[in-house]
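Heads up, the sequence shown is in the numbering used here, so the first residue is 289 and it goes up one at a time. One structure is given here, and the rest of the page talks about it.
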Amino acid sequence: MNKDLLALATRNVTDIINLAIEHRSSSGPSPESADSKALVVYDTRYGLTDILTAAYRAALPDARFIDFDTTNKEDVIAAFDAMQPGDLVVLIQSSNFLLDAFRIRLHLFNKKLKVIEHLHLHRNTEDIWGVYVNALEYDIDWYRGVGPKLKAKLEHIKELRIQAGGAELVVTGGVLSPKLNIGDYAGMENIGGTFPIGEVFTECADFTQMNGSFMIYAYAGSDFSINMHTPFRVDVKEGLIVGWQDDAPESFGKIIENIKEFERPLVREIGFGLNRAITRERYMQDITAFERLVGLHFSLGEKHSVYKKEGITAHKAKFHIDVFPVVDRVLADGAVIFENGKYLV
Numbered sequence: 289m290n291k292d293l294l295a296l297a298t299r300n301v302t303d304i305i306n307l308a309i310e311h312r313s314s315s316g317p318s319p320e321s322a323d324s325k326a327l328v329v330y331d332t333r334y335g336l337t338d339i340l341t342a343a344y345r346a347a348l349p350d351a352r353f354i355d356f357d358t359t360n361k362e363d364v365i366a367a368f369d370a371m372q373p374g375d376l377v378v379l380i381q382s383s384n385f386l387l388d389a390f391r392i393r394l395h396l397f398n399k400k401l402k403v404i405e406h407l408h409l410h411r412n413t414e415d416i417w418g419v420y421v422n423a424l425e426y427d428i429d430w431y432r433g434v435g436p437k438l439k440a441k442l443e444h445i446k447e448l449r450i451q452a453g454g455a456e457l458v459v460t461g462g463v464l465s466p467k468l469n470i471g472d473y474a475g476m477e478n479i480g481g482t483f484p485i486g487e488v489f490t491e492c493a494d495f496t497q498m499n500g501s502f503m504i505y506a507y508a509g510s511d512f513s514i515n516m517h518t519p520f521r522v523d524v525k526e527g528l529i530v531g532w533q534d535d536a537p538e539s540f541g542k543i544i545e546n547i548k549e550f551e552r553p554l555v556r557e558i559g560f561g562l563n564r565a566i567t568r569e570r571y572m573q574d575i576t577a578f579e580r581l582v583g584l585h586f587s588l589g590e591k592h593s594v595y596k597k598e599g600i601t602a603h604k605a606k607f608h609i610d611v612f613p614v615v616d617r618v619l620a621d622g623a624v625i626f627e628n629g630k631y632l633v
């Protein structure tokens, strides 16, 4: 096991536990901490998973650890049900733990448990384990500083312009109130989520008010892994993908055709990533982690679990395909808020 990565992972998950989740272990100094327990469910199928498990053993010495693959499903569920509101559950998954129709994270949140989830670790090849571990750093001043400032800039805008070379995508009519994924759970119903974190996301208030074009350099394949490409132009009219560059990858055209069989190829999510450990050059194969990179991402298709839109039935929507545009600058009501890979808020 890489000792340097383990040391860094231990420091980073300790900060997540203490600063973001605000869990106090039973060996902690505060009197109330004796009632706060932790449960870590892990597997041993992949090296990165092993590193994170060892890191949590160091960070949570009093926690109970359960090997998912050697434990009966009933016993795993019983362990969850033995936890009390405010306790912490950590899920370290080479892929994705399945308990038949049992929806683990929803069940844990319904029990008012705090949750830290690491998903699909096997998608990240060994050469980028360092990127993943670095992306777990919880820089509280950065996330809680830039995140709310960016949200405030976007909150009441009338126009958003996303520019790259000769391409420009224009949103008029404003965007919906942005959501934060910055490790600050004050006032939120659920505490925790999937890590790495770092995002501010929104969508058009009126899809028909998005027009223009943008350049895609990456998107998720059918295996939910990132595919990098020579940037190609995509055209948008009234929120819909209506065309793309002649030499665009054939797989992109197939994605759009697959979407159109069931629903409209809408550009829904407009996501601003905040995780400075992840870049276009320092990327991760797993889409869930890569979308946190400093820069933008869009989702194609009608599916979005956060925002409700008239004319879209949430449980019937099928597609949420993440694509990553080249971005030179972003302007909100004429003011530059992102340029040369940096936020200007």
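Just so you know, even glycine gets a beta-carbon here, dropped at the ideal spot from N, CA and C.
Beta-carbon contacts of residue i that lie in its chain and below 7 Å, excluding the five residues immediately before and after
| i | result |
| --- | --- |
| Val633 | Val434, Lys437, Leu438, Lys441, Ile625 |
| Ala308 | Tyr426, Gly471 |
| Asn412 | Leu336, Tyr420, Met572, Gln573, Asp574 |
| Asn478 | Phe397 |
8 Å CB neighbourhood of residue i in its chain, flanking five on each side removed
| i | result |
| --- | --- |
| Phe550 | Lys606, Phe607 |
| Leu464 | Thr490, Glu491, Cys492, Ala493, Tyr595 |
| Trp278 | The chain is shown from 289 up to 633; residue 278 falls before or after that span and cannot be answered. |
Option in the options with minimal Cα separation from residue i
| i | options | result |
| --- | --- | --- |
| Phe560 | Val488, Leu386, Lys548 | Val488 |
| Asn499 | Glu477, Gly461, Gly480 | Gly461 |
| Leu340 | Phe586, Ile445, Thr302 | Thr302 |
| Ala297 | Arg552, Leu348, Arg312 | Leu348 |
| Gly509 | Asn290, Glu569, Arg333, Asn546 | Asn546 |
| Phe397 | Arg568, Gln372, Tyr334, Gly531 | Gln372 |
| Trp532 | Ile354, Ile365, Phe368, Ala455 | Ala455 |
| His603 | Lys591, Val611, Pro613, Val614 | Lys591 |
| Lys630 | Asn469, Ala623, Arg617 | Arg617 |
| Asn469 | Lys446, Trp430, Asn628 | Trp430 |
| Ile305 | Glu526, Asp355, Phe483, Leu387 | Phe483 |
| Arg568 | Leu581, Ala577, Gly475 | Leu581 |
| Val530 | Met516, His517, Lys548, Ser539 | Lys548 |
Identity of the residues DSSP links to residue i by a beta bridge
| i | result |
| --- | --- |
| Lys525 | Leu528 |
| Glu405 | Leu379, Thr482 |
| His585 | Gly559 |
| Lys467 | Phe489 |
| Glu447 | Thr460 |
First through last residue of the beta strand (DSSP E) which encompasses residue i
| i | result |
| --- | --- |
| Leu327 | 326–330 |
| Asp574 | Note, Asp574: premise wrong, no beta strand (DSSP E); not H, not E. |
| Ala506 | 498–508 |
| Ala620 | 617–620 |
| Ala343 | Careful: Ala343 lies outside any beta strand (DSSP E), inside the alpha helix (DSSP H) at 335–347. |
| Glu362 | From DSSP, Glu362 is part of no beta strand (DSSP E) but of the alpha helix (DSSP H) over 361–369. |
Cβ pair residue i, residue j closer than 9 Å
| i | j | result |
| --- | --- | --- |
| Gln573 | Ile609 | no |
| Ile504 | Pro519 | yes |
| Leu293 | Val421 | yes |
| Gly481 | Val403 | yes |
| Ala536 | Val522 | yes |
| Tyr344 | Val377 | no |
| Ala326 | Arg352 | yes |
| Val555 | Ser593 | no |
| Phe368 | Lys400 | no |
| Arg333 | Asp363 | no |
| Val410 | Ile380 | For the sequence presented, residue 410 should be read as His rather than Val. In this structure, Ile380 does not lie closer than 9 Å to His410 by Cβ. |
Closer than 8 Å: residue i CB and nearest the ligand ZN heavy atom
| i | result |
| --- | --- |
| Glu443 | Among the components of this structure there are no ligands whatsoever, and the ligand ZN is therefore not found. |
Start-to-end residues for the alpha helix (DSSP H) that takes in residue i
| i | result |
| --- | --- |
| Thr490 | Thr490 -> not in any alpha helix (DSSP H); beta strand (DSSP E) instead, spanning 487–490. |
| Phe397 | 392–398 |
| Asp292 | 291–303 |
Residues of its chain near residue i, where Cβ-Cβ distance is below 6 Å and the 5 sequence neighbours each way are ignored
| i | result |
| --- | --- |
| Val614 | Ala452, Met503, Tyr505, Pro519 |
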